[in-house]
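In the numbering used here, the protein residues as written are 27 to 122.
Positions of the beta carbon are idealized from the N, C-alpha and C atoms, including for glycine.
Scroll down for the structure; my scribbles are underneath it.
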């Protein structure tokens with residue numbers, strides 16, 4: 027039987043993987059797209075679909091860190107959003 031603390035940690039991991047990471051990476055892609063860079067759109071990353079943004083290693087690190095620390099610390103990541111700074115309006119300054 028899972029302890030309540032571990033159940034809360036795994037629920038938090040699920041929310042991060044299914045909502046947090048996709049919204050975060052979609053926001054990067056949308057900002058770049060609005061600044062003139064279509065790289066993420068052409069690669070199918072301008073979406074809220076969690077499967078597109080999921081990184082196997084980053085997801086497993088998130089689960090392992092949540093389980094080992096019983097939900098007191100989390101570490102994980104999604105696939106980084108591709109951006110070509112030369113396509114941004116304002117060039118390299120568009121990254122800011």
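Cβ-based neighbour list, residue i, same chain, cut-off 7 Å, excluding 5 preceding and 5 following
i           : result
residue 121 : 111, 114
C-beta contact flag for residue i and residue j at 9 Å
i           : j          : result
residue 35  : residue 92 : yes
residue 74  : residue 52 : yes
residue 100 : residue 55 : no
Whole-Å CB distance - residue i paired with residue j, under 8 Å assumed
i           : j          : result
residue 108 : residue 71 : 7 Å
C-alpha gap between residue i and residue j, whole angstroms
i           : j          : result
residue 87  : residue 96 : 14 Å
residue 68  : residue 60 : 14 Å
residue 116 : residue 30 : 50 Å
residue 64  : residue 58 : 7 Å
residue 90  : residue 81 : 14 Å
Close beta carbons around residue i, own chain, < 8 Å, minus the five adjacent residues each side
i          : result
residue 44 : 76
>> Runs of 4 residues minimum, wholly inside the segment 71 to 99: which ones carry the alpha helix (DSSP H) assignment?
In response: 76 to 79, 82 to 94
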